[in-house]
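Colleague:
Numbering (this note's numbering), first residue to last: 11 to 272.
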C-alpha cells in the first residue's frame, strides 16, 4: 500500500443552478485521521463523491502521494453510512466482495480477509449471515470489507450514524484502538462533534454551501484516547472551538472568506 498522503487542491463543483464546492483545499498526511464537519447541506457528501472519483470536479485536483487521481476510484476505500451487507452472503464473503469485484479470486480474497476477523472482533462469525450480527458487529464487518482492499486512503461517511448511542460509543472506542495498529490514513465525515474530537488528529470545518474550508482545528489530545477523556477540560476546549467555528466565528453571512495563508 502507498503512503496515503491526500491533497485536495481547490475543488469546485456546481450542479445546474446549485454551486456546492467553492475551492475546497486541505491536506491529509500519511497515517493521519482527519474529520470533516459542517452545517447540514453544505456539501460534505458531494466532497466525498469527488474525492472518491464518483463525481468529477469542475475545477481543482485530488492528489494522492503526488499523483493526480482526480476522477479515479482506485486509491480509495469508501465506507458509507449503511453497512450494505448482502443478506445471502456469509460475513466472510461479504468482507471479500470488494476484492472479488477488483478481480481477485474468491480463495485468495478469503485468505486475505480471514486474519482480520480476530482483531475486528468477528472471529467465529465467518460463516454467519449478516442478520445474525449486532449493529456494531455489522459495522465492523463493513469496515473490514473497506480496509481489506488495502487502498491508500479510507473514506468513512458517517459510519456509526445509524447506531444507538451506547453502540456508537463502543465503536468509536474500538476504532480508536484498532487503527493505531494499522497506520491508516482516514478521512471521516461526521455530524457528531464529540466523535470528531475523540477520533481525530485534526478537524476540518466547512462553511455553508457553496462550501470552502472555514477553519482547521488541531486536536491536541494524547493517544490512545479513552472515554474518560471526554469529561476533561482539554476535550471540552476543543469541542467549544469547533462549536464556535460551526457558528461561523463572525464569518457566516459576511460574504467574505477567511484569509488564506500564503
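For glycine and all other residues, C-beta sits at the position ideal for the given N, C-alpha and C. It should be emphasised that the depicted structure is a prediction, and the values quoted were computed from it without experimental measurement.
Can you tell me where the beta strand (DSSP E) with residue 199 in it begins and where it stops?
Modeller: Run containing residue 199: 196-199, per the beta strand (DSSP E) assignment.
Colleague: CB-CB under 7 angstroms to residue 245, same chain, minus the five flanking residues each way: which ones, in chain order?
Modeller: Here the set comprises 207, 231, 239.
Colleague: Taking just the CA atoms, how far does residue 79 sit from residue 247?
Modeller: Each residue's alpha carbon lies about 37 angstroms from the other.
Colleague: Quick check: what's the CA-CA separation for residue 30 versus residue 134?
Modeller: Roughly 45 angstroms between the two C-alpha positions.
Colleague: Would a C-beta distance cut-off of 9 angstroms place residue 172 and residue 145 closer than the cut-off?
Modeller: For residue 172 and residue 145, yes; Cβs fall inside 9 angstroms.
Colleague: Whole angstroms are fine: how far does the CA of residue 250 sit from the CA of residue 162?
Modeller: Cα to Cα, residue 162 sits roughly 32 angstroms from residue 250.
Colleague: Between residue 55 and residue 180, what straight-line distance do the alpha-carbon atoms span, to the nearest angstrom?
Modeller: For residue 55 and residue 180, the distance between alpha carbons rounds to 25 angstroms.
Colleague: By DSSP, does residue 242 sit in helix, in strand, or in coil?
Modeller: Residue 242: coil per DSSP, three-state reduction.
Colleague: With C-beta atoms as the reference, is residue 83 less than 9 angstroms away from residue 63?
Modeller: Yes.
Colleague: Rounded to the nearest angstrom, what separates residue 234 and residue 183 at their Cα positions?
Modeller: Their Cα atoms are separated by approximately 9 angstroms.
Colleague: Just list the beta strand (DSSP E) runs in the region 26-97, keeping only unbroken ones of 3 residues or longer that don't cross its boundaries, in chain order.
Modeller: As far as the region 26-97 is concerned, its whole beta strand (DSSP E) runs of at least 3 residues are 28-38, 43-47, 69-74, 86-89.
Colleague: With 16 as the cutoff for other CB atoms within 10 Å, does residue 253 come out buried or exposed?
Modeller: Residue 253 should be labelled exposed.
Colleague: Could you check where the beta strand (DSSP E) with residue 224 kicks off and where it finishes?
Modeller: Start and end: 223-228.
Colleague: Do residue 153 and residue 166 have their CB atoms nearer than 9 angstroms?
Modeller: Contact flag set, yes.
Colleague: Can you check the region 114-190 for any alpha helix (DSSP H) of at least 4 residues that lies completely inside it and give the ranges in chain order?
Modeller: Counting only runs of 4 or more, we get 116-123, 145-157, 175-189.
Colleague: Mind checking whether residue 164 and residue 196 have CB atoms under 9 angstroms apart?
Modeller: Yes, Cβ-Cβ distance for residue 164 and residue 196 is below 9 angstroms.
Colleague: Just reading off the alpha helix (DSSP H) that residue 101 is part of, what are its end residues?
Modeller: That run of the alpha helix (DSSP H) goes 101-105.
Colleague: Let me know the secondary structure DSSP gives residue 212 once reduced to three states.
Modeller: Strand at residue 212.
Colleague: If I measure Cβ to Cβ from residue 140 and keep anything under 7 angstroms in the same chain, skipping five residues before and after, which residues do I get?
Modeller: Result list for residue 140: 95, 97, 101, 104, 148, in chain order.
Colleague: With distance defined between alpha-carbon atoms, name the residue in 124, 27, 77 nearest to residue 13.
Modeller: Closest by alpha carbon: 77.
Colleague: Short check: CB of residue 198 to CB of residue 159, under 9 angstroms?
Modeller: No, Cβ-Cβ distance for residue 198 and residue 159 is not below 9 angstroms.
Colleague: Should residue 241 go down as buried or exposed, given a rule of 16 or more other Cβ atoms within 10 Å for buried?
Modeller: By the 10 Å Cβ count, residue 241 comes out exposed.
Colleague: Under the three-state reduction of DSSP, which class applies to residue 14: helix, strand or coil?
Modeller: Coil.
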